[in-house]
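Engineer: Got a structure here, written out as structure tokens. Questions coming.
Protein chains: 2
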Amino acid sequence: MPYVKRAKQAKNPAARSLFELMARKQTNLCVAADLTVAENVLALADTIGPDIVLLKTHVDIIEDFTPDFTEQLTKLAEKHNFMIFEDRKFADIGNTVRLQYSKGIYKIGEWADFVNVHIVPGSGVIKGIEQGMEETEFEFPRGIIILSQMSSKGNMATGDYMATAVGLAHVYKKSVAGHIGNGSNAEELKKLTSVTEAGHIVFTPGIQLGSHGDTLEQQYATPQSAIYAGSDCIIVGRGIYEAESAEKEAKKYRQAAWGAYVQRVKGK
Amino acid sequence: MPYVKRAKQAKNPAARSLFELMARKQTNLCVAADLTVAENVLALADTIGPDIVLLKTHVDIIEDFTPDFTEQLTKLAEKHNFMIFEDRKFADIGNTVRLQYSKGIYKIGEWADFVNVHIVPGSGVIKGIEQGMEETEFEFPRGIIILSQMSSKGNMATGDYMATAVGLAHVYKKSVAGHIGNGSNAEELKKLTSVTEAGHIVFTPGIQLGSHGDTLEQQYATPQSAIYAGSDCIIVGRGIYEAESAEKEAKKYRQAAWGAYVQRVKGK
């Protein structure tokens with residue numbers, strides 16, 4: 000089913016916006032800006048902005064963070080028309096994630112369209128973010144992405160764990176935008192995408208055009224293998240920001256992932 | 000086995016320090032300072048400092064955080080002789096947690112004696128923190144606490160998950176100081192404490208003298224039930240900082256938990 004049709008199935012407004020944006024902008028590429036200097040993140044976002052639908056941030060690794068950073072980032076998101084996903088991996092009890100989402104100096108709830116959660120703590124983690132969303136004054140569509148799978152070696156988000164995640168996504172469909180799926184293993188990923196609702200987006204990190212691992216047990220797959228296995232949006236980090244030309248590399252990934260999506264929708 | 004003897008079994012230097020400190024200071028009380036204003040956290044730490052062995056922080060919920068806060072906090076830890084545990088619940092792939100631990104504006108690795116991790120990502124999360132520890136210039140004993148159980152409703156840290164956590168603690172015994180155990184369910188907690196190595200410390204949150212829950216699915220138990228089930232260090236939050244007199248309340252919890260420990264060691 001094409002993104003435009005799935006947008007209509009989405010119960011979460013941020014998921015709907017992202018589906019529509021992917022279709023309109025003809026890109027299903029998310030770039031992970033895992034850089035530790037604010038200026039570098041902003042420069043990367045400005046360079047690759049035209050080619051992405053989503054920018055994934057780790058605001059807590061930026062050494063010179065100030066509230067001005069998120070202000071600038073939000074402006075770039077408007078300029079190039081992409082959404083922002085803070086990869087915070089909330090994983091605490093409800094009352095704590097509520098505070099982590101809405102308070103502190105990052106005030107994630109005021110600028111991130113999407114955040115993700117681990118479901119280890121149970122459904123309280125989702126309810127806590129929902130409450131945090133209600134408590135932040137900013138009114139824009141926001142969504143929760145559930146880490147239903149991971150791609151690192153020996154990860155525990157498998158079997159029943161994944162099934163529980165899909166169940167929670169169904170129950171909290173108003174706030175849940177989609178899932179993080181295993182980008183490194185197409186067979187595992189298919190287990191998730193085969194049970195994902197049409198209104199939910201499956202994001203897959205761990206993607207590189209040349210596939211290999213790092214020394215800290217992260218594993219990689221290609222854009223095509225992920226999209227053919229049912230991923231909707233690929234997340235690429237080092238493959239792009241460590242490239243000599245991030246712009247050229249982003250275009251390559253965009254083309255690969257969008258091409259694979261077009262083929263998939265055609266039923267190839 | 001008393002804390003002094005277990006200190007000798009500890010392979011992680013921070014665990015050894017904490018065991019010794021508990022024995023010397025005659026308190027096994029950790030207070031969770033889940034407050035959102037720096038001054039209030041510091042005031043609480045100064046008030047209850049003499050009664051605790053450990054202060055648990057959520058640095059990312061503090062609205063007016065500056066590096067001065069952690070400097071002040073470290074001074075209070077020296078003044079009152081307690082250690083600091085940043086309850087960050089690291090839960091990402093190795094390379095990311097390495098950056099989250101050592102970089103960013105919080106620079107957790109420079110002031111926290113303990114941090115905790117979720118093992119959902121696999122062993123990479125421990126290796127990433129170990130690498131972050133090597134990369135921070137500060138030289139003091141530091142330890143990793145594994146979230147081997149949780150106490151919130153519907154949490155997934157049960158069964159095989161807990162067994163895997165205990166296995167990882169065994170493999171990474173030089174960096175792992177201990178476990179977070181389920182404070183709300185003595186039977187579940189016993190499953191963990193019965194397989195915990197003598198050199199590892201079991202910490203239990205979710206403790207209140209009068210036991211009840213909150214509206215976000217957190218559940219509570221008493222100091223005695225936790226200690227009798229094998230917990231070594233109880234973590235108390237709202238029960239103390241929301242009390243009319245945090246000082247008096249801390250003394251009550253200290254007495255209850257330490258008394259239970261003395262009874263347990265006597266083999267009562």
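Top to bottom, those sequences are chains E and A. According to numbering that gives the first Met the number 0, the first sequence holds residues 0 to 267 in order. According to numbering that gives the first Met the number 0, the second sequence holds residues 0 to 267 in order. Idealized CB from N, CA, C, for every residue including glycine.
(1) Give me the residue from E:150, E:106, E:196 with the minimum Cα distance to residue 121 of chain A.
(2) Please look up how many angstroms separate the CB atoms of residue 128 of chain A and residue 105 of chain A, rounded, as I've assumed it's under 8 Å.
(3) For residue 163 of chain E versus residue 118 of chain E, is the C-beta spacing smaller than 8 Å?
(4) Taking the alpha-carbon of residue 10 of chain A as reference, which of A:197, A:160, A:244, A:226 has the nearest alpha-carbon?
(5) Would you mind sorting residue 169 of chain A into buried or exposed? The rule is 16 or more other CB atoms within 10 Å of its CB.
(6) What is the DSSP secondary structure of residue 192 of chain A, reduced to helix, strand or coil?
(7) Under 8 Å, do residue 171 of chain E and residue 107 of chain E count as touching if we go by C-beta distance?
(8) Reducing DSSP to helix, strand and coil, say where residue 208 of chain A ends up.
(9) Kindly list the residues whose CB is nearer than 6 Å to the CB of residue 203 of chain A, restricted to its own chain and excluding five residues on each side of it in sequence; keep chain order.
(10) Please report whether the beta-carbon of residue 16 of chain A lies at a distance below 8 Å from any beta-carbon of chain E.
(11) For residue 14 of chain E, which residues from the same chain have a beta carbon less than 7 Å from its beta carbon, with the 5 sequence-adjacent residues on both sides left out?
(12) Expressed to the nearest angstrom, what Euclidean distance is found between the alpha-carbon atoms of residue 192 of chain A and residue 159 of chain A?
(13) Measure how close the beta-carbons of residue 279 of chain A and residue 61 of chain A come, nearest whole angstrom, since I'm counting them as under 8 Å.
(14) Tell me the residue span of the alpha helix (DSSP H) that contains residue 17 of chain A.
(15) With a threshold of 16 other CB atoms inside 10 Å of the CB of residue 195 of chain A, please say whether the residue is buried or exposed.
(16) Looking at the C-beta of residue 121 of chain A, does it have a partner C-beta in chain E at a distance below 8 Å?
(17) Taking Cβ to Cβ, would you say residue 42 of chain E is nearer than 8 Å to residue 63 of chain E?
(18) At a CB-CB cut-off below 9 Å, which residues of chain E make contact with residue 62 of chain A?
(19) Which runs of the beta strand (DSSP E) fall wholly inside the region 49-133 of chain E and span at least 3 residues, in chain order?
(20) For residue 92 of chain A, which residues in the same chain have their Cβ closer than 6 Å to its Cβ, ignoring the five residues on either side in sequence?
(21) Taking the beta carbon of residue 258 of chain E as the centre, do at least 16 other beta carbons fall within 10 Å, making it buried, or is it exposed?
(22) Round the Cβ separation of residue 256 of chain E and residue 28 of chain E to the nearest angstrom and send it over; I've been treating them as touching at under 8 Å.
(23) Among E:103, E:23, E:237, whose alpha-carbon lies nearest the alpha-carbon of residue 68 of chain A?
(24) Mapping DSSP to helix, strand and coil, what is residue 46 of chain E?
(25) Compare the C-alpha of residue 190 of chain A against each of A:157, A:20, A:173, A:84 and name the closest.
(26) Quick check on residue 222 of chain E: buried or exposed, where buried means 16 or more other Cβ atoms within 10 Å of its Cβ?
(27) Contact criterion: CB-CB distance below 8 Å. Does residue 99 of chain E meet it with respect to chain A?
(28) Grab me the residues of residue 147 of chain A's own chain with a C-beta within less than 7 Å of its C-beta, minus the 5 sequence neighbours each way, in chain order.
(29) Who are the neighbours of residue 90 of chain E on chain A, taking C-beta pairs under 9 Å?
(30) Please name the residues in the region 149-182 of chain E whose beta-carbon is closer than 7 Å to at least one beta-carbon of chain A, in chain order.
(31) Looking only at its chain, what residues have a beta carbon closer than 7 Å to the beta carbon of residue 0 of chain A, apart from the 5 residues adjacent to it on each side?
(32) Got a sec, what are the start and stop residues for the beta strand (DSSP E) residue 203 of chain E sits in?
(33) Within a Cβ cutoff of 6 Å, which residues of the same chain sit near residue 269 of chain E, ignoring the five residues on either side of it in sequence?
(34) If the cut-off is 7 Å on Cβ atoms, which residues from the region 52-79 of chain E count as contacting chain A, listed in chain order?
(35) Cβ atoms of residue 110 of chain E and residue 65 of chain E: under 8 Å apart, would you say?
(36) Name the one or two DSSP bridge partners that residue 145 of chain A has.
Structural biologist: If we stick to the structure as given:
(1) Here residue 121 of chain A corresponds to residue number 122 of the second sequence, with the count starting at 1. The residue with the shortest Cα to Cα distance from residue 121 of chain A is E:150.
(2) Within the second sequence, numbered from 1, the residue matching residue 128 of chain A stands at position 129. Within the second sequence, numbered from 1, the residue matching residue 105 of chain A stands at position 106. Actually they do not touch by this definition, with Cβ atoms about 14 Å apart.
(3) To locate residue 163 of chain E, count along the first sequence from 1; it is residue 164. To locate residue 118 of chain E, count along the first sequence from 1; it is residue 119. Using a Cβ distance threshold of 8 Å, residue 163 of chain E and residue 118 of chain E count as a contacting pair.
(4) Counting from 1 along the second sequence, the entry for residue 10 of chain A is found at position 11. If we check each option's Cα against that of residue 10 of chain A, A:197 comes out closest.
(5) By 1-based counting over the second sequence, the position of residue 169 of chain A is 170. Residue 169 of chain A is classed as exposed because its beta carbon has fewer than 16 other beta carbons within 10 Å across all chains shown.
(6) By one-based count along the second sequence, residue 192 of chain A stands at place 193. It is helical.
(7) Residue numbering aside, residue 171 of chain E sits at position 172 when the first sequence is read from its first letter. Residue numbering aside, residue 107 of chain E sits at position 108 when the first sequence is read from its first letter. The answer is no: Cβ separation not under 8 Å.
(8) Here residue 208 of chain A refers to the residue found at position 209 when the second sequence is read from its first residue. DSSP, reduced to helix, strand and coil, places residue 208 of chain A outside both helices and strands of the structure shown, so it counts as coil.
(9) If you number the second sequence from 1, residue 203 of chain A lands on position 204. 180, 182, 225, 230, 233, listed in sequence order.
(10) In the second sequence, the residue the question calls residue 16 of chain A occupies position 17. So no, residue 16 of chain A is outside the interface.
(11) Within the first sequence, the letter at position 15 stands for residue 14 of chain E. Hits under 7 Å: 142, 176, 177, 198, 199, 200.
(12) Here residue 192 of chain A refers to the residue found at position 193 when the second sequence is read from its first residue. Here residue 159 of chain A refers to the residue found at position 160 when the second sequence is read from its first residue. Each residue's Cα considered, the two are about 15 Å apart.
(13) What the structure shows of chain A is the stretch from 0 to 267, and residue 279 of chain A is not part of that stretch, so it cannot be assessed.
(14) Residue mapping note: residue 17 of chain A aligns to position 18 of the second sequence, counting from 1. Looking at the DSSP string, the run of the alpha helix (DSSP H) that includes residue 17 of chain A is 12-24.
(15) The count along the second sequence starts at 1 and reaches residue 195 of chain A at position 196. Residue environment: residue 195 of chain A is assigned as buried (16 or more neighbouring CB atoms within 10 Å of its CB, all protein chains considered).
(16) Looking up residue 121 of chain A in the second sequence gives position 122. Residue 121 of chain A counts as touching chain E.
(17) Along the first sequence, read from residue 1 onward, the residue named residue 42 of chain E stands at position 43. Along the first sequence, read from residue 1 onward, the residue named residue 63 of chain E stands at position 64. Result no, Cβ atoms of residue 42 of chain E and residue 63 of chain E do not sit closer than 8 Å.
(18) Here the question's residue 62 of chain A lines up with position 63 in the second sequence. Correct list: 102, 103, 104, 106.
(19) Entirely contained in the region 49-133 of chain E, the beta strand (DSSP E) runs reaching 3 residues are, in chain order, 53-56, 82-89, 113-116.
(20) By one-based count along the second sequence, residue 92 of chain A stands at place 93. Within the same chain, residue 92 of chain A has close Cβ partners 120, 123.
(21) One-based indexing of the first sequence puts residue 258 of chain E at position 259. By the neighbour-count rule (16 or more Cβ atoms within 10 Å), residue 258 of chain E is not buried but exposed.
(22) Translated into the one-based positions of the first sequence, residue 256 of chain E becomes position 257. Translated into the one-based positions of the first sequence, residue 28 of chain E becomes position 29. With 8 Å as the limit, residue 256 of chain E and residue 28 of chain E qualify as a contact, their Cβ atoms being about 6 Å apart.
(23) On the second sequence, position 69 is the one that residue 68 of chain A refers to. Closest option to residue 68 of chain A, judged by alpha-carbon separation, among E:103, E:23, E:237: E:103.
(24) Position 47 of the first sequence, counted from the start, is the residue given in the question as residue 46 of chain E. Note: residue 46 of chain E maps to helix in three-state DSSP.
(25) For the purposes of this step, residue 190 of chain A is taken as the residue at position 191 of the second sequence. When only C-alpha atoms are compared, the closest one is A:157.
(26) As a first step, residue 222 of chain E must be located in the first sequence, where it is residue number 223. Classification for residue 222 of chain E: buried.
(27) For the purposes of this step, residue 99 of chain E is taken as the residue at position 100 of the first sequence. Yes - at least one Cβ of chain A is within 8 Å of the one on residue 99 of chain E.
(28) Walking along the second sequence from the start, residue 147 of chain A turns up at place 148. Around residue 147 of chain A: 156, 161, 164, 165, 178, 179, 180, 191.
(29) Taking the first residue of the first sequence as 1, we reach residue 90 of chain E at position 91. Under the 9 Å cutoff, chain A gives 88, 89, 90, 117, 119, 146.
(30) 149, 151, 152, 153, 154, 155, 156, 160, 163
(31) Locating residue 0 of chain A in the second sequence gives position 1, where the first residue counts as 1. Excluding residues within five positions, the ones whose Cβ falls inside 7 Å are 197.
(32) Sequence index remark: in the first sequence, residue 203 of chain E carries index 204 (1-based). Per DSSP, residue 203 of chain E belongs to the beta strand (DSSP E) from 200-203.
(33) Residue coverage of chain E in this structure runs from 0 to 267, which leaves residue 269 of chain E outside it and unanswerable.
(34) 57, 59, 60, 61, 62, 64
(35) Locating residue 65 of chain E in the first sequence gives position 66, counting from the first residue. Locating residue 110 of chain E in the first sequence gives position 111, counting from the first residue. No, the pair does not count as a contact, with Cβ atoms beyond the cut-off.
(36) The residue you call residue 145 of chain A lines up with position 146 of the second sequence. DSSP lists A:116, A:178 as partners of residue 145 of chain A.
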